[in-house]
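Colleague: Quick mapping for you: the protein sequence lines, in order, are chains A, B and C. In the numbering used here, each residue's number is its place in the first sequence (first place is 1) plus 24. In the numbering used here, each residue's number is its place in the second sequence (first place is 1) plus 13. In the numbering used here, each residue's number is its place in the third sequence (first place is 1) plus 45.
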Amino acid sequence: MLTAPMLEVHDLTVCYATDHGSVTAVDGVSFEVGRAEFVGVVGESGCGKSTLLFAIARLLSPPAAITAGNVVFQAQNLVTMTEKKLNVLRWRDMSLVMQSAMNALNPVLSIGAQFADAIEAHTKSSAQQTLERSREVLRLVGIDPIHLKSYPHQLSGGMRQRAMIAMALLFTPDLVIMDEPTSALDVVAQRSLMVQIKQLQQRLGFAVLFVTHDMSLVSHFSDRLLVMYAGQVVETGPTRTVFDTPAHPYSRGLLEAFPSIRGPRVELAGIPGSPPELARLPSGCRFHPRCPVVQPECPVTAPPLYDVGAAQARCLLHAPGGVGLELIERARS
Amino acid sequence: MTALLVDTTAAAGGSPPIRHRGGGLLTAIRASRKAMVGSIIFAVFCVLAVAPGLFTSVHHPNDLAFAPSLSPSAQHWLGTTSLGQDIWAQLVYGTRQSLVIALVAGLFATALSVLVGVSAGYLGGIADEVLSMITGIFLVIPTFPLIIIFATYAGKGTLLVILIVLVVTGWSYGANQLRAQTLSLRNRDFLESARVRGERRSYIILAEVLPTMTSLIVANFLGAALYSVLTAAGLQFLGLGDPNSMSWGTMLYWSQSQQALQTGMPLWSIAPGLCVALLGVSFALINYAFDEISNPALRPVRRRRAHRADA
Amino acid sequence: MTAPLLQTRGLSKQFKVGGSLARRTLHAVDDADLVINRKEIVALVGESGSGKSTIARLLARVYRPTSGEILYQGRSLATMRTRRQTMAYRSDVPMVFQDPFSSLNPAYRVSHGILRGLKLHRRELTRAQRLAEAERVVEAVGLTPAAQILDRFPHELSGGQRQRIGFAQALAYEPKLVIADEPVSMLDVSIRLGLLNLMAKLRADSGVSFLYITHDIASARYLADRLLVMYAGHIVESGPTETVLADPKHPYTQLLLSAVPDPRAPLAVGADSDTGEPPRVIDPGPGCRFRWRCPLAIDTCANITPQPRLLAAEHVAACHVAESELPAPVAADN
Chain A
25 MLTAPMLEVH DLTVCYATDH GSVTAVDGVS FEVGRAEFVG VVGESGCGKS TLLFAIARLL
85 SPPAAITAGN VVFQAQNLVT MTEKKLNVLR WRDMSLVMQS AMNALNPVLS IGAQFADAIE
145 AHTKSSAQQT LERSREVLRL VGIDPIHLKS YPHQLSGGMR QRAMIAMALL FTPDLVIMDE
205 PTSALDVVAQ RSLMVQIKQL QQRLGFAVLF VTHDMSLVSH FSDRLLVMYA GQVVETGPTR
265 TVFDTPAHPY SRGLLEAFPS IRGPRVELAG IPGSPPELAR LPSGCRFHPR CPVVQPECPV
325 TAPPLYDVGA AQARCLLHAP GGVGLELIER ARS
Chain B
14 MTALLVDTTA AAGGSPPIRH RGGGLLTAIR ASRKAMVGSI IFAVFCVLAV APGLFTSVHH
74 PNDLAFAPSL SPSAQHWLGT TSLGQDIWAQ LVYGTRQSLV IALVAGLFAT ALSVLVGVSA
134 GYLGGIADEV LSMITGIFLV IPTFPLIIIF ATYAGKGTLL VILIVLVVTG WSYGANQLRA
194 QTLSLRNRDF LESARVRGER RSYIILAEVL PTMTSLIVAN FLGAALYSVL TAAGLQFLGL
254 GDPNSMSWGT MLYWSQSQQA LQTGMPLWSI APGLCVALLG VSFALINYAF DEISNPALRP
314 VRRRRAHRAD A
Chain C
46 MTAPLLQTRG LSKQFKVGGS LARRTLHAVD DADLVINRKE IVALVGESGS GKSTIARLLA
106 RVYRPTSGEI LYQGRSLATM RTRRQTMAYR SDVPMVFQDP FSSLNPAYRV SHGILRGLKL
166 HRRELTRAQR LAEAERVVEA VGLTPAAQIL DRFPHELSGG QRQRIGFAQA LAYEPKLVIA
226 DEPVSMLDVS IRLGLLNLMA KLRADSGVSF LYITHDIASA RYLADRLLVM YAGHIVESGP
286 TETVLADPKH PYTQLLLSAV PDPRAPLAVG ADSDTGEPPR VIDPGPGCRF RWRCPLAIDT
346 CANITPQPRL LAAEHVAACH VAESELPAPV AADN
């Protein structure tokens, strides 16, 4: 990386206390987000991706807590930062877009009032300046500024999500974290929103950390991809590399779980079984009970991330001297 | 954050756990310190009610058998009343009526709440409007004046009258709660699944809706029982009960009319008052266990010192 | 040609909205003609607000149609008045629901729904036979060991397992047609295929038809023989899956196809201006309901509601523009 990364996550671990002991939701996750980079975090429910996001944004509440690792943003460690300092950072340098706008927007306040709230919470601004800025961000996302007077329920789902994104851009932050912002939308609205986000990103130059369970959604928009499973990163690399040559059997399985609308109709198999409960993780490699190419060492040894060309994968097949992709390719046919 | 909680419980294997019956209740009570305390207090009162003879040698506490206005001593643990009755014995024997009132009135009030509330919520339409109106009327009428009028009209205080009064005034709050809960359940897929299956409406209400609301219904019952204890004591204190019966409320009535506090026999007033409060508190505490069952977010976080790795 | 299993003619459902003073009408479904044959999987594709769930509920007799008719095995549902007739229909046409987290009653074990269904619809069975049947259907949907699974509570099963139980409940009736209302939308991606394959297998093994309702056109293509596309309460296009996807006639179908993210295909250009605003179904008036978003709209579109017309072999679409591109228009196939 030529310039220093915007965000560095080192060995982040999040545990939460349950009646049956401590459960690790995020286990030693490390990655970087460069300036103006679009990083997608992909995984199914229970993999820890949302927990990871909340941990980075320091929004975890008991019984969940960060138990190890650090998050370095603009040369400061977010994990040890006080609330006071965090509030300075929030929204100005780093902002968050939630999954469901209806959960994040106040239903009894107009959009304009909420924008004003956000602006006033973080900076001194005259009423005129606030209005100007609010109008500007709405125009940025393609909403008529007249909607400043509207209430959230008066807007369609797609518009609400775009309003949320507008709110996140009020201070032109360096990093915008998004937690499945399109999952409540229909396919046409979804695509339109993604294109919009990408355009905004290219125009304003902010970095995006985008969490989703829908791998195909990020395929055209992200620069790099992280695939998570059972609290760990199992594969990471440039998007095209991960899509064209997935190095981990899970990523491969995920990719093949999407029926295509073009090309021949073939029977697909999906991945048998279901993601493990975090309280009862399999021994060794966490994916081994569902892996089509499981080897004898897999239940015994927990693999680290190995380099596989431009990507990294947490699979023993890629250990030095291992058979690598070849075995996975063969298993497909 | 709710989102986080949903995510993690989903990871732990499914939606927030609904406890299984029986074993679940005991586990819940054991797990909550507040409920544990409440249950113990309640258990003690139950024993007192069932076998009062075990706790005092006086078997007819209302008889004027002793010297009046004695201070506490070995023979009379709480002393005697100004009429010559053993206070402790009255207290012990009075437990039965107070407990009966609480449980019976609580039960019937809850039954009425369930009937009206759940039907209103599930049936919707005109039935809902009528039932809600009735509920609203009873909710809004000032209870105490109503109770007093009712009790006076119905003739002074047989136990039955008090029970009726309590049930009539105590059901409407719960009905509203249950209606709200039913409304929130109404469009759940499993109810629609039952409809599509061809189940009759009465079956759906009784066998599909009610079982999912047991925690709320029990909580309602405990609330109604609490209400009954306190209100019954209040009624009897005002003299609207039967002054010759044996209950804590009646003791309060007599101690007040005999000016116990002014004449240096405070225990005569304090003891029954304390018992009323304790019984009420026990219901409130047990209620906590049910809150925590139905809403896992309320559970206190139990931090274990040793890190237990679950295989 | 054998008679269709289920057919609708002019099926419409309207709801009154706005309270007793401002009475407006929501046109959830208008004039829907659809056909489902034996041993066929038909996909009904549409966004939320398109009316697809309403059609499911109309067919499952949860709602009564405002107008039009539903013919099951040639017989109109309106003529089924007795409880016995209704139950016979319910037994032939059950429904599987979308949300695995709320489709099973949390207070009971998962066997409850299956056993109740058997009790109501297959009354000739004894108690022991019912239990055996319950185990059989649970195994048929791929859950083993059946006896243990039946004994569990819903929260002890995963989302995918719960949906399979939903299918087991439907199978217990020995149905002819299963209405599956978005059965995989709330499941993880890697689990969806398992259930789609299950539906295909059940059709192959027991000859049961499926009406697969979804917003995901890719899974519709994977599973279905025929495709119906809905928009704003109208069925705008229908035909054999491959035919419709190879040559979509209706602009909405074209829009849907272009919006589907396909990692293997390069990013499609165009369709960026469409922001996916929901259709207007409250007091819509005549004319095509897609016209506000349609790049090809002409004057007629605003005045006359397009009727479904046969535009190619078995390929029906309701679009003035598509119709006008035909050399010689053909009358609607009814």
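Glycine is no exception: its CB is placed at the ideal position from the N, C-alpha and C atoms. Quick caveat: nothing in here was measured; it's all calculated off a predicted structure.
#1: Put Met252(A) into one of helix, strand or coil per three-state DSSP.
#2: For Leu144(B) and Gly262(B), I'd like the C-alpha separation in whole angstroms.
#3: Please list the terminal residues of the continuous alpha helix (DSSP H) segment that includes Asn242(C).
#4: Please list the partners that Phe282(A) has in chain C, where partner means a Cβ-to-Cβ separation under 8 Å.
#5: Do you know whose CA, among Val53(A), Ala187(A), Glu280(A), lies nearest Thr91(A)'s CA?
#6: Starting from the beta carbon of Ala191(C), find every residue of chain A whose beta carbon is closer than 7 Å, and list them in chain order.
#7: Would you check if the distance between the CB atom of Val155(C) and the CB atom of Leu149(C) is smaller than 9 Å?
#8: Counting along the chain, where does the alpha helix (DSSP H) carrying Glu368(C) start and finish?
#9: Exposed or buried, what is Leu287(B) when buried is set at 16 or more other beta-carbons lying within 10 Å of its beta-carbon?
#10: Can you name, in chain order, every residue of its own chain whose Cβ lies under 8 Å from the Cβ of Gly93(A), other than the five neighbours on each side?
#11: For a minimum of 3 consecutive residues, which ranges assigned as the beta strand (DSSP E) are wholly contained in the region 241-300 of chain A?
#12: In the DSSP assignment, what residue or residues form a beta bridge with Gly284(C)?
#13: Run the CB neighbour count on Ala88(C), radius 10 Å, all protein chains shown included, and call it buried at 16 or more, exposed below.
#14: With distances taken Cα to Cα, identify the nearest neighbour of Leu250(A) among Ile167(A), Val63(A), Pro273(A), Asp198(A).
#15: In three-state DSSP terms, what is Asn127(A)?
#16: Can you check which of these residues, Asp78(C), Thr70(C), Pro49(C), is closest to Leu56(C) by C-alpha distance?
#17: Assuming Phe255(C) is part of the beta strand (DSSP E), what are its boundary residues?
#18: Please confirm whether Leu268(C) has its beta-carbon closer than 9 Å to some beta-carbon of chain B.
#19: Excluding five sequence neighbours on each side, which residues of the same chain lie with their C-beta closer than 7 Å to the C-beta of Ser185(B)?
#20: Just list the alpha helix (DSSP H) runs in the region 52-100 of chain A, keeping only unbroken ones of 4 residues or longer that don't cross its boundaries, in chain order.
#21: Expressed to the nearest angstrom, what Euclidean distance is found between the alpha-carbon atoms of Ala101(C) and Ile224(C)?
#22: Is there a Cβ from chain A that is less than 9 Å from the Cβ of Leu300(C)?
#23: Compare the Cα-Cα distances from Asp203(A) to each of Gly58(A), Leu279(A), Val235(A) and report the closest residue.
#24: Kindly indicate if chain C contains any beta-carbon less than 9 Å away from that of His237(A).
#25: Report all residues from its chain with a CB closer than 8 Å to the CB of Gly297(A); omit the five preceding and five following residues, and keep chain order.
#26: Under a CB-based cut-off of 9 Å, is Thr108(B) close to chain C?
#27: Got a sec: is the Cβ-Cβ distance from Pro285(C) to anything in chain A below 9 Å?
#28: Below 6 Å CB to CB, which residues in the same chain sit around Arg237(C) once its five sequence neighbours on both sides are set aside?
#29: Can you give me, in chain order, the residues of the region 134-154 of chain B that have a beta carbon less than 8 Å from any beta carbon in chain C?
#30: State whether the region 99-119 of chain B contacts the region 233-245 of chain B, with contact taken as three or more CB pairs (one from each stretch) at a distance under 8 Å.
#31: Ends of the beta strand (DSSP E) at Gln52(C)?
#32: Within 9 Å (strictly less), CB to CB, does Ala225(C) reach chain A?
#33: Considering only their Cβ atoms, is the gap separating Val212(A) from Leu240(C) smaller than 9 Å?
#34: Using a C-beta to C-beta distance shorter than 7 Å, which residues of chain C count as neighbours of Asp210(A)?
#35: Indicate whether at least one CB of chain C lies closer than 9 Å to the CB of Val209(B).
#36: Check the Cβ of Ser203(C) against every Cβ in chain A and list those closer than 7 Å, keeping chain order.
Modeller: Let me lay it out:
#1: Residue mapping note: residue 252(A) aligns to position 228 of the first sequence, counting from 1. Residue state for Met252(A) is assigned as strand, using DSSP reduced to three classes.
#2: Position 131 of the second sequence, counted from the start, is the residue given in the question as residue 144(B). Position 249 of the second sequence, counted from the start, is the residue given in the question as residue 262(B). For Leu144(B) and Gly262(B), the distance between alpha carbons rounds to 34 Å.
#3: Here the question's residue 242(C) lines up with position 197 in the third sequence. Start and end: 234-251.
#4: Here the question's residue 282(A) lines up with position 258 in the first sequence. Residues of chain C passing the Cβ test: Val234, Ala263, Asp307, Pro308.
#5: Reading the first sequence from its first residue, position 67 is the one you call residue 91(A). Per the Cα distances, Val53(A).
#6: Counting from 1 along the third sequence, the entry for residue 191(C) is found at position 146. Residues of chain A passing the Cβ test: none, with the nearest at roughly 18 Å.
#7: Position 110 of the third sequence, counting from 1, holds the residue named residue 155(C). Position 104 of the third sequence, counting from 1, holds the residue named residue 149(C). Yes, they are a contact pair.
#8: Here residue 368(C) refers to the residue found at position 323 when the third sequence is read from its first residue. Per DSSP, Glu368(C) belongs to the alpha helix (DSSP H) from 365-369.
#9: If you number the second sequence from 1, residue 287(B) lands on position 274. By the C-beta density criterion, Leu287(B) is exposed, having fewer than 16 other C-beta atoms within 10 angstroms.
#10: Indexing the first sequence from 1 puts residue 93(A) at position 69. These residues qualify, in order along the chain: Val33, His34, Asp35, Leu36, Thr37, Gly52, Val53, Ser54, Val103.
#11: 248-253, 256-262
#12: Within the third sequence, residue 284(C) is the residue found at index 239, counting from 1. Looking at the DSSP assignment, Gly284(C) forms a beta bridge with Leu272(C).
#13: Residue 88(C) sits at position 43 when you count from the first residue of the third sequence. The residue in question, Ala88(C), is buried, as its Cβ has 16 or more Cβ neighbours within 10 Å.
#14: Reading the first sequence from its first residue, position 226 is the one you call residue 250(A). Taking the Cα of Leu250(A) as reference, the smallest distance to any Cα among Ile167(A), Val63(A), Pro273(A), Asp198(A) is reached at Val63(A).
#15: Numbered from its first residue, the first sequence carries residue 127(A) at position 103. In this structure, Asn127(A) counts as helix in the three-state DSSP scheme.
#16: Position 11 of the third sequence holds residue 56(C). Nearest of Asp78(C), Thr70(C), Pro49(C) to Leu56(C), Cα basis: Asp78(C).
#17: Working through the third sequence from its first residue, we reach residue 255(C) at position 210. Its beta strand (DSSP E) spans residues 254-259.
#18: Here the question's residue 268(C) lines up with position 223 in the third sequence. Closer than 9 Å: no.
#19: Taking the first residue of the second sequence as position 1, residue 185(B) is located at position 172. Only Thr148, Phe151, Leu152 meet the Cβ criterion.
#20: With a minimum length of 4 residues, the unbroken runs of alpha helix (DSSP H) contained wholly in the region 52-100 of chain A fall at 73-80.
#21: Residue 101(C) sits at position 56 when you count from the first residue of the third sequence. Residue 224(C) sits at position 179 when you count from the first residue of the third sequence. Going from the Cα of Ala101(C) to the Cα of Ile224(C) covers about 7 Å.
#22: Numbered from its first residue, the third sequence carries residue 300(C) at position 255. Chain A contact via Cβ: present.
#23: By 1-based counting over the first sequence, the position of residue 203(A) is 179. Nearest to Asp203(A) by C-alpha distance, out of Gly58(A), Leu279(A), Val235(A), is Val235(A).
#24: Along the first sequence, read from residue 1 onward, the residue named residue 237(A) stands at position 213. Yes, because at least one Cβ of chain C sits closer than 9 Å to the Cβ of His237(A).
#25: Stepping through the first sequence from its first residue, residue 297(A) is reached at position 273. Here the set comprises Pro313, Arg314.
#26: Taking the second sequence and counting its residues from 1, one reaches residue 108(B) at position 95. Cβ-Cβ to chain C under 9 Å: no for Thr108(B).
#27: Counting from 1 along the third sequence, the entry for residue 285(C) is found at position 240. Taking Cβ atoms only, chain A never reaches closer than 9 Å to Pro285(C), which makes this a no.
#28: Taking the third sequence and counting its residues from 1, one reaches residue 237(C) at position 192. Cβ neighbours of Arg237(C) beyond the five flanking positions: Val229.
#29: none
#30: yes
#31: The sequence position of residue 52(C) within the third sequence is 7, counting from 1. 51-62 is the extent of the beta strand (DSSP E) around Gln52(C).
#32: Mapped onto the third sequence, residue 225(C) falls at position 180. No, Ala225(C) does not count as interfacial toward chain A.
#33: Taking the first residue of the third sequence as 1, we reach residue 240(C) at position 195. Taking the first residue of the first sequence as 1, we reach residue 212(A) at position 188. No, they are not a contact pair.
#34: Locating residue 210(A) in the first sequence gives position 186, where the first residue counts as 1. Result: Glu92, Ser93, His260, Gly321.
#35: Here residue 209(B) refers to the residue found at position 196 when the second sequence is read from its first residue. Closer than 9 Å: yes.
#36: Start at 1 with the first residue of the third sequence, and residue 203(C) comes out as number 158. In chain order: Ser298.
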